[in-house]
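Number of protein chains: 6
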Amino acid sequence: MELTHLDETGAARMVDVGEKAVTRRTACAQSVITMKPETLCMICEDRAPKGDVFACARIAGIMAAKKTSELIPMCHPIPIESVKIDIEAVSDTQVRIISTLRCSHKTGIEMEALTAASIAALTIYDMCKAVDRGMRIDQTLLLHKDGGRSGEYSRTNE
Amino acid sequence: MELTHLDETGAARMVDVGEKAVTRRTACAQSVITMKPETLCMICEDRAPKGDVFACARIAGIMAAKKTSELIPMCHPIPIESVKIDIEAVSDTQVRIISTLRCSHKTGIEMEALTAASIAALTIYDMCKAVDRGMRIDQTLLLHKDGGRSGEYSRTNE
Amino acid sequence: MELTHLDETGAARMVDVGEKAVTRRTACAQSVITMKPETLCMICEDRAPKGDVFACARIAGIMAAKKTSELIPMCHPIPIESVKIDIEAVSDTQVRIISTLRCSHKTGIEMEALTAASIAALTIYDMCKAVDRGMRIDQTLLLHKDGGRSGEYSRTNE
Amino acid sequence: MELTHLDETGAARMVDVGEKAVTRRTACAQSVITMKPETLCMICEDRAPKGDVFACARIAGIMAAKKTSELIPMCHPIPIESVKIDIEAVSDTQVRIISTLRCSHKTGIEMEALTAASIAALTIYDMCKAVDRGMRIDQTLLLHKDGGRSGEYSRTNE
Amino acid sequence: MELTHLDETGAARMVDVGEKAVTRRTACAQSVITMKPETLCMICEDRAPKGDVFACARIAGIMAAKKTSELIPMCHPIPIESVKIDIEAVSDTQVRIISTLRCSHKTGIEMEALTAASIAALTIYDMCKAVDRGMRIDQTLLLHKDGGRSGEYSRTNE
Amino acid sequence: MELTHLDETGAARMVDVGEKAVTRRTACAQSVITMKPETLCMICEDRAPKGDVFACARIAGIMAAKKTSELIPMCHPIPIESVKIDIEAVSDTQVRIISTLRCSHKTGIEMEALTAASIAALTIYDMCKAVDRGMRIDQTLLLHKDGGRSGEYSRTNE
Numbered sequence: 001m002e003l004t005h006l007d008e009t010g011a012a013r014m015v016d017v018g019e020k021a022v023t024r025r026t027a028c029a030q031s032v033i034t035m036k037p038e039t040l041c042m043i044c045e046d047r048a049p050k051g052d053v054f055a056c057a058r059i060a061g062i063m064a065a066k067k068t069s070e071l072i073p074m075c076h077p078i079p080i081e082s083v084k085i086d087i088e089a090v091s092d093t094q095v096r097i098i099s100t101l102r103c104s105h106k107t108g109i110e111m112e113a114l115t116a117a118s119i120a121a122l123t124i125y126d127m128c129k130a131v132d133r134g135m136r137i138d139q140t141l142l143l144h145k146d147g148g149r150s151g152e153y154s155r156t157n158e
Numbered sequence: 001m002e003l004t005h006l007d008e009t010g011a012a013r014m015v016d017v018g019e020k021a022v023t024r025r026t027a028c029a030q031s032v033i034t035m036k037p038e039t040l041c042m043i044c045e046d047r048a049p050k051g052d053v054f055a056c057a058r059i060a061g062i063m064a065a066k067k068t069s070e071l072i073p074m075c076h077p078i079p080i081e082s083v084k085i086d087i088e089a090v091s092d093t094q095v096r097i098i099s100t101l102r103c104s105h106k107t108g109i110e111m112e113a114l115t116a117a118s119i120a121a122l123t124i125y126d127m128c129k130a131v132d133r134g135m136r137i138d139q140t141l142l143l144h145k146d147g148g149r150s151g152e153y154s155r156t157n158e
Numbered sequence: 001m002e003l004t005h006l007d008e009t010g011a012a013r014m015v016d017v018g019e020k021a022v023t024r025r026t027a028c029a030q031s032v033i034t035m036k037p038e039t040l041c042m043i044c045e046d047r048a049p050k051g052d053v054f055a056c057a058r059i060a061g062i063m064a065a066k067k068t069s070e071l072i073p074m075c076h077p078i079p080i081e082s083v084k085i086d087i088e089a090v091s092d093t094q095v096r097i098i099s100t101l102r103c104s105h106k107t108g109i110e111m112e113a114l115t116a117a118s119i120a121a122l123t124i125y126d127m128c129k130a131v132d133r134g135m136r137i138d139q140t141l142l143l144h145k146d147g148g149r150s151g152e153y154s155r156t157n158e
Numbered sequence: 001m002e003l004t005h006l007d008e009t010g011a012a013r014m015v016d017v018g019e020k021a022v023t024r025r026t027a028c029a030q031s032v033i034t035m036k037p038e039t040l041c042m043i044c045e046d047r048a049p050k051g052d053v054f055a056c057a058r059i060a061g062i063m064a065a066k067k068t069s070e071l072i073p074m075c076h077p078i079p080i081e082s083v084k085i086d087i088e089a090v091s092d093t094q095v096r097i098i099s100t101l102r103c104s105h106k107t108g109i110e111m112e113a114l115t116a117a118s119i120a121a122l123t124i125y126d127m128c129k130a131v132d133r134g135m136r137i138d139q140t141l142l143l144h145k146d147g148g149r150s151g152e153y154s155r156t157n158e
Numbered sequence: 001m002e003l004t005h006l007d008e009t010g011a012a013r014m015v016d017v018g019e020k021a022v023t024r025r026t027a028c029a030q031s032v033i034t035m036k037p038e039t040l041c042m043i044c045e046d047r048a049p050k051g052d053v054f055a056c057a058r059i060a061g062i063m064a065a066k067k068t069s070e071l072i073p074m075c076h077p078i079p080i081e082s083v084k085i086d087i088e089a090v091s092d093t094q095v096r097i098i099s100t101l102r103c104s105h106k107t108g109i110e111m112e113a114l115t116a117a118s119i120a121a122l123t124i125y126d127m128c129k130a131v132d133r134g135m136r137i138d139q140t141l142l143l144h145k146d147g148g149r150s151g152e153y154s155r156t157n158e
Numbered sequence: 001m002e003l004t005h006l007d008e009t010g011a012a013r014m015v016d017v018g019e020k021a022v023t024r025r026t027a028c029a030q031s032v033i034t035m036k037p038e039t040l041c042m043i044c045e046d047r048a049p050k051g052d053v054f055a056c057a058r059i060a061g062i063m064a065a066k067k068t069s070e071l072i073p074m075c076h077p078i079p080i081e082s083v084k085i086d087i088e089a090v091s092d093t094q095v096r097i098i099s100t101l102r103c104s105h106k107t108g109i110e111m112e113a114l115t116a117a118s119i120a121a122l123t124i125y126d127m128c129k130a131v132d133r134g135m136r137i138d139q140t141l142l143l144h145k146d147g148g149r150s151g152e153y154s155r156t157n158e
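So the sequences go chain by chain: C, V, L, Z, W and S. The numbers in my numbering rise by one with no breaks, and the one at position 148 of the first sequence is 148. The numbers in my numbering rise by one with no breaks, and the one at position 52 of the second sequence is 52. The numbers in my numbering rise by one with no breaks, and the one at position 34 of the third sequence is 34. The numbers in my numbering rise by one with no breaks, and the one at position 153 of the fourth sequence is 153. The numbers in my numbering rise by one with no breaks, and the one at position 104 of the fifth sequence is 104. The numbers in my numbering rise by one with no breaks, and the one at position 49 of the sixth sequence is 49.
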């Protein structure tokens, strides 16, 4: 096994995916943001009758997915076919963001999924930082992928 | 206290910083990426004589800092004055990324610091994912900030 | 009077604003989108309990304001200090978008206001085009500006 | 009929176009900008021997088409195959911009055509605003589209 | 003397300009593109009554100047105050592009000037490559700069 | 022969590549940067044990390739499949940058290769300009291309 993004001299390169087959690919990733219970209350109260916090995070995640190849130097540009961001409070202090993306391309869409989840989480941080500077983002990881030569991957122990 | 990025109807807005004073501001944030020991070995061996993994992550983090206001919907564009990204193996499975940014502006530079650390971590993920799909990013948080009306903040319990 | 964005040979240039004073500036612009009454019903029903159409348009407008100097070739980059997008149904077939922006800079922020309103309107078009391809956007215009050497401007006959 | 850009909870999503067929698609859109007759004279005089106003608007429109998926949150990135922007004075106070775009893709190119026309119109506004702040942009609409499952559309009553 | 963009370990960083004074700065750079005489004829003929080749290159150069900090990793974002691109045939096979930029900032605007000239030259290449693939770009260099601590620089032997 | 990027009135357009066949395409371009021998020494010394100058230029070139269609107005967006940047000192004052890119598309990838080489060269300029403002970039040209209707091209006399 080797780090394919480096050539034999260690120089970074965008690996050649030209010979790979176009297949339908899915990737699903997550981030979890932890905050004070009062902060989560404010978001949810705001959200009930009105509130754009989660809407803003969701849209930021979708737009960031489309910017992945501008952000991650060795990423290939990918014609993304769908993006869905689910945001849910999973305890009284934690919000979990799950991104699900699809494409039909020669290379996978994992980085887009991870970028979408990360930027959605950072957007929640931004919108709430005036009241809670100590929020933290953890568990940014790939939940699932399928399609492509390396086949299916599912994280089992999360 | 209230979520200043929402108006009284809950609609997202870019808050007005026009009346705030220009002050010199610093922000320092981190992310920690956990991987298999073999993966970290490969990065470090590659790095010794050659290797662009950490260089690539560092540069991606610096460039991402400059894109923060494009990524985070309610962020103000900021004339960043310095960015430094330190990347260090802190155990045989963990790499810690610390970003330090400065500006002289009416609003703080925390989001830029958090974005830089996150994207640097995602870049390491990207460059190593062919050998270790289970890597995860945790502890993305603000370590320190100073400058501005809200004054100094330091995270104590990390 | 002359077209200052052209030099004496007619060549486009970004005019020199270096000698102008930094002043606090405001600009307020609008667009109006006309659709079938059924389409507006769908947006509003969706919106009541849930619905991201107006949230999405608002966020798109705010983010587009920050991209104005990338879109309009002769525009100067401006450190925007606030953006607010108000979206309101003004009849059973029309939605009016009003953008209000502020900055403290050597040149005005009118183009940012017009771009924000236009892109917010186009986002509504996009989100509803599957049910109403005949929507149209009219009355994209500057409502008000102040600050700077040319002083205050208000459109009177709208 | 439903708003496909919203899921069943009203959350915005980028709809999945993965199962749609790649077909050759065309879209044609317009904007009309109204100005004082003196302003239009200046553009045209400038243009005759020299003048970059229309050239600048044309190029801005073409470049904006390529940025559509960055501007409109739920738009898919599309490999645009051609863009043409026609700009013509249609009266002594009105300039009409018509954009014609083509692609071979799973989703249509209407938003790119509307964005191109809108940004070209805003560019004319920008280049002439020093002499005519009261210009307005109207009739931004889709003239024609073909290709894809929904087939051909032509606006009849314009 | 040292390479200030590298820290003491050789890692790239965006150097801190926070303590530097804001001064008015100018930079002037050039590129020269060499082509077959037939190619230059075609551009100039096209240009006389119509022709967008030089207009397109000029606009591309101006827009690229605004993207410099996105392209050159260690560049600071700069509030550019003016850009002018002069393009002129200097022999029957050579076109010279001169960019002149100004800002009032803590760091210089040389990279913006060099980027503007380079991208303008590449745009000419692009627009003519169908008839002359062997064009080449040379003499991309800084002609003049002033402002800032390092003072004035003029290239004497060009 | 004609300039295909201009229509019959001389107006710029993005030419229609819709009818062209998708073929595997390669392009290889170069730039040469000339500096003082002391400057090149500094880069190489820095590089040996540490040093990010060439790494930074390489990454900048790869990322710029992906931005080509944003920079060059009439360029089509292209799904790049690989990018490799080789940087080598070819004398005691000259560094040569060679970019090699591949795609499978309806149009060629020459502009991406030229842009990658140019921006990598400008990045070296940026990182060393504090010690050597007189550096210059020459010989930016296409070395080789293949694929597509116009077939293979190799520059023979360089």
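Glycine residues also receive a C-beta, built at the ideal position from the N, C-alpha and C atoms. Owing to the predicted nature of the structure, the values given are computational and were not obtained by experimental measurement.
Write down the C-beta distance between residue i and residue j rounded to the nearest angstrom, noting that I regard them as a contact closer than 8 Å.
i      : j      : result
V/R155 : V/C103 : Not really, about 20 Å apart at Cβ, beyond 8 Å.
W/D138 : S/D138 : 4 Å
W/V131 : S/L3   : 7 Å
V/G108 : V/K145 : 6 Å
Would you decide whether residue i is buried or exposed? Buried here means 16 or more other CB atoms lie within 10 Å of its CB.
i      : result
V/R149 : exposed
V/T123 : buried
V/E92  : The question names Glu, yet the displayed sequence has Asp at residue 92 of chain V. Counting Cβ neighbours within 10 Å, V/D92 comes out exposed, since fewer than 16 surround it.
S/G147 : buried
Z/G151 : exposed
Z/V17  : buried
S/E81  : buried
S/V15  : buried
L/V160 : Lying outside 1 to 158, the shown extent of chain L, residue 160 of chain L is not represented and no answer is given.
Z/E19  : exposed
V/E70  : buried
L/I33  : buried
Which residues in the same chain have their Cβ closer than 8 Å to the Cβ of residue i, if we skip the five residues on either side of it in sequence?
i      : result
C/L143 : C28, A29, Q30, I98, S154, R155, E158
Z/I72  : M111, T115
V/A57  : I85, I87, I97, A120, A121, T123, I124, M127
Residues in its own chain within less than 6 Å of residue i by CB, not counting five upstream and five downstream?
i      : result
S/A48  : The pLDDT assigned to S/A48 is 39, lower than 50, so where the model puts this residue is not dependable, and the model offers no usable value.
L/T100 : C28, K84
S/K50  : Bear in mind that a pLDDT of 40 at S/K50, under 50, signals an unreliable position, so the model cannot answer this.
L/C128 : T39
W/R133 : none
L/I43  : V53
Please return the same chain residues whose Cβ sits closer than 7 Å to the Cβ of residue i, not counting the five positions on each side in sequence.
i      : result
S/H105 : V22, R25, I78, P79
> Within the chosen definition, does the region 57–64 of chain L reach the region 113–120 of chain Z through at least 3 CB pairs nearer than 8 Å?
Replying inline: no
> Got a sec: which bits of the region 102–118 of chain S sit with their beta carbon under 9 Å from any beta carbon on chain W, in order along the chain?
Replying inline: Of all residues in the region 102–118 of chain S, only G108, E110, M111, L114, T115, S118 place a beta-carbon less than 9 Å from a beta-carbon of chain W.
> Mind listing which residues of the region 5–26 of chain L have their C-beta closer than 8 Å to chain W's C-betas, in chain order?
Replying inline: D7, A11, A12, R13, M14, V15, D16, V17, G18
> Is there contact here, the region 20–35 of chain C with the region 31–48 of chain V, by at least three beta-carbon pairs under 8 Å?
Replying inline: no
>> Three Cβ pairs or more, each shorter than 8 Å: is that satisfied between the region 81–90 of chain L and the region 4–14 of chain V?
In response: yes
> Closer than 7 Å, Cβ to any Cβ of chain L: which residues of the region 71–99 of chain W, in chain order?
Replying inline: P79, I80, E81, S82, V83, K84
> Got a sec: which bits of the region 120–137 of chain L sit with their beta carbon under 7 Å from any beta carbon on chain C, in order along the chain?
Replying inline: none
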